[in-house]
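Peer 1:
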Amino acid sequence: MWKTIKRWYHQLGSPRYFYGFCNAVLPWLVPIALVVLVVGLAWGLAWAPVERYQGDSYRIIYIHVPASSGALMGYIAMGVAGLVALVWRMKMAEVMLKALAPFGAVLAAVSLITGALWGKPTWGTYWQWDARMTSMLILLFLYLGIIALQSAIRDPRQAARAASLLAVVGVINVVIVKYSVEWLQTLHQGATLKMVGESSINDAMKYPLLISMLGLWLLYAANVLIRARAEVLSRERRSGWVRKLVAPGDGKGGR
Amino acid sequence: MNPVRKQRLMVVLAILVGLAIAVGLAVYALRQNINLFYTPQQVVSGEAPVGTKMRVGGLVEEGSVRRDPQTLDVTFAVTDGKGTFDIHYQGILPDLFREGQGVVANGTLVSRDRFEADEVLAKHDETYMPPEVQDALEKAGHPGNAGKTGQNGEAGSYGGQYGDP
């Protein structure tokens with residue numbers, strides 16, 4: 000088991016192998032992600048039963064919760080990639096760090112916007128400076144900060160080191176987002192889906208939610224692979240295998 | 000692991016742990032400001048200042064809502080089991096406002112047991128269930144209004160357990 004993980008780590012750490020891996024996985028991953036997401040959303044938005052107090056307005060949960068969970072998990076993944084990039088100086092970790100940021104930032108923004116739209120009819124307000132909402136806004140700013148930091152420094156390796164540190168340190172905020180509703184008095188309610196124990200949502204509403212979440216996570220993964228593949232090609236543009244790929248037949252490479 | 004990497008790992012982890020402790024202490028020290036509202040217990044015990052603008056939150060006590068038939072005036076009691084006080088509000092309450100559910104009110108504490116609200120927000124719990132399931136629960140003698148038990152505690156462990164009626 001450990002050996003397999005170690006072999007994967009070394010194989011996927013090689014840009015050339017990673018490029019091949021993306022090409023093999025993506026033609027399957029993209030359609031599967033889209034189908035799962037469409038099934039989950041259609042089931043949730045059209046067929047799931049109405050809620051006893053909120054009526055139909057609760058249905059925005061099928062966008063809000065997948066987006067929020069995706070933004071949080073994406074940030075944790077960036078923190079792990081940042082740690083590997085800082086300690087082991089692994090190039091692919093730097094590439095992953097860069098590839099994870101844009102979609103995660105979009106999901107954090109979607110989470111905030113859908114949360115505001117949901118808050119108005121249920122709570123009676125678009126926004127309160129509540130610990131959960133404020134920490135989620137900080138998460139969006141961290142994403143934007145990482146993107147800005149990466150594009151502000153020209154040398155990709157220097158840029159990755161600066162962004163890695165921000166990504167690792169920012170993981171503290173993910174912990175605050177997750178536990179703010181338990182540790183502090185907030186307008187936002189506690190977690191509905193629980194890792195352990197019974198979730199406090201009816202099964203007929205829960206399954207489409209879980210399917211929507213899975214679909215969006217797969218779509219995020221596909222987006223990360225597409226971005227990482229492009230980044231690998233750009234970083235390795237001077238290496239032999241990329242030259243051969245771009246200009247086959249010409250041994251010395253194009254131009 | 001080679002010593003250079005080990006050292007780098009230690010430095011990164013030390014930065015992370017140090018910052019986590021610093022943030023933790025800051026949140027702990029500022030929690031009264033970070034908490035969105037005062038609980039009824041804090042209001043009754045005197046922790047909440049009288050006469051300043053602030054937010055309070057709690058569960059609307061069952062049977063305590065009194066509406067003035069002529070105007071939009073409404074008075075209700077909020078409680079957290081450890082303290083109870085009255086909130087007076089003039090205006091339209093949010094759709095989710097109901098007895099047994101949580102509210103957050105923005106306004107002024109006039110005295111230890113009376114709060115004048117400028118704005119009332121509904122705080123909903125984390126339970127989601129279809130109306131038919133709630134009807135079935137009520138028929139079976141369960142308290143259908145799961146929010147009654149509290150905001151974060153055992154509130155609404157009903158959903159899912161019973162499935163479709």
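Protein sequence lines, in the order shown, are assigned to chains A and B. Quick note on numbering that gives the first Met the number 0: the first sequence kicks off at 0 and runs consecutively. Quick note on numbering that gives the first Met the number 0: the second sequence kicks off at 0 and runs consecutively. Glycine residues also receive a C-beta, built at the ideal position from the N, C-alpha and C atoms. Remember, predicted model here, so these are calculated numbers, not experimental data.
#1: Just verifying my parser: in three-state terms, what is the DSSP assignment at F20(A)?
#2: D85(B) bridges to which residues according to DSSP?
#3: Enumerate in chain order the residues of its own chain whose CB-to-CB distance from L192(A) is below 6 Å, with the five nearest sequence positions on each side excluded.
#4: DSSP on R15(A), reduced to helix/strand/coil?
#5: Residue ranges of each beta strand (DSSP E) run of no fewer than 3 residues wholly in the stretch 214 to 246 of chain A, ordered along the chain?
#6: How about Q157(A) and K97(A): do their beta carbons lie closer than 7 Å?
#7: How far does the alpha helix (DSSP H) with L71(B) in it extend, from its first residue to its last?
#8: Would you verify that the beta carbon of Y52(A) is, or is not, closer than 7 Å to some beta carbon of chain B?
#9: Looking at the structure shown, is G17(B) part of a helix, part of a strand, or coil, going by DSSP?
#10: With a cut-off of 8 Å, do at least 3 Cβ pairs link the stretch 27 to 43 of chain B to the stretch 105 to 113 of chain A?
#11: Should Q157(A) be flagged as near chain B, meaning a C-beta pair shorter than 7 Å?
#12: Tell me, please, whether the CB atom of W122(A) is closer than 7 Å to any CB atom in chain B?
#13: Got a sec: is the Cβ-Cβ distance from Q133(B) to anything in chain A below 7 Å?
#14: Use the C-beta contact count for M0(A): other C-beta atoms within 10 angstroms, 16 or more gives buried, fewer gives exposed.
#15: Just checking: is the beta-carbon of G155(B) within a distance shorter than 7 Å of some beta-carbon in chain A?
#16: Would you report the Cα separation of L58(B) and Y52(A), rounded to the nearest angstrom?
#17: Round the Cβ separation of R113(B) and D72(B) to the nearest angstrom and send it over; I've been treating them as touching at under 8 Å.
Peer 2: This is what the structure holds:
#1: Stepping through the first sequence from its first residue, residue 20(A) is reached at position 21. When secondary structure is reduced to three states using DSSP, F20(A) falls in the helix class.
#2: As a working mapping, residue 85(B) is identified with position 86 in the second sequence. Under DSSP, D85(B) shares a beta bridge with A76(B), R113(B).
#3: Translated into the one-based positions of the first sequence, residue 192(A) becomes position 193. Taken in chain order, the residues that qualify are S198.
#4: The residue given as residue 15(A) occupies position 16 in the first sequence. Three-state result, R15(A): helix.
#5: Positions of the beta strand (DSSP E) runs, each at least 3 residues long and wholly inside the stretch 214 to 246 of chain A, cannot be given because no such run exists.
#6: Looking up residue 157(A) in the first sequence gives position 158. Looking up residue 97(A) in the first sequence gives position 98. Judged by their CB atoms, Q157(A) and K97(A) are not nearer to each other than the 7 Å cut-off.
#7: Translated into positions along the second sequence, residue 71(B) becomes position 72. First-last for L71(B): undefined, no H or E at that position.
#8: As a working mapping, residue 52(A) is identified with position 53 in the first sequence. Using beta-carbon distances, Y52(A) counts as an interface residue toward chain B, with a partner under 7 Å.
#9: Locating residue 17(B) in the second sequence gives position 18, counting from the first residue. Three-state result, G17(B): helix.
#10: Counting Cβ pairs under 8 Å, fewer than three are found: no touch.
#11: Taking the first residue of the first sequence as position 1, residue 157(A) is located at position 158. False, the Cβ-Cβ gap to chain B never drops below 7 Å.
#12: The residue given as residue 122(A) occupies position 123 in the first sequence. Answer yes: the Cβ-Cβ gap between W122(A) and chain B drops below 7 Å somewhere.
#13: Here residue 133(B) refers to the residue found at position 134 when the second sequence is read from its first residue. By the rule that beta-carbons nearer than 7 Å mark a contact, Q133(B) touches chain A.
#14: Here residue 0(A) is taken as the residue at index 1 of the first sequence, counted from 1. With fewer than 16 other Cβ atoms within 10 Å, it is exposed.
#15: As a working note, residue 155(B) is residue 156 in the second sequence. Confidence at G155(B) is low in this model, with a pLDDT of 33, below 50, so the placement of that residue is unreliable and no value is reported for it.
#16: Against the second sequence, residue 58(B) aligns to sequence position 59. Against the first sequence, residue 52(A) aligns to sequence position 53. If you take the alpha carbons of L58(B) and Y52(A), they lie about 16 Å apart.
#17: For the purposes of this step, residue 113(B) is taken as residue 114 along the second sequence, with counting starting at 1. For the purposes of this step, residue 72(B) is taken as residue 73 along the second sequence, with counting starting at 1. Contact flag wrong, Cβ pair sits at about 13 Å.
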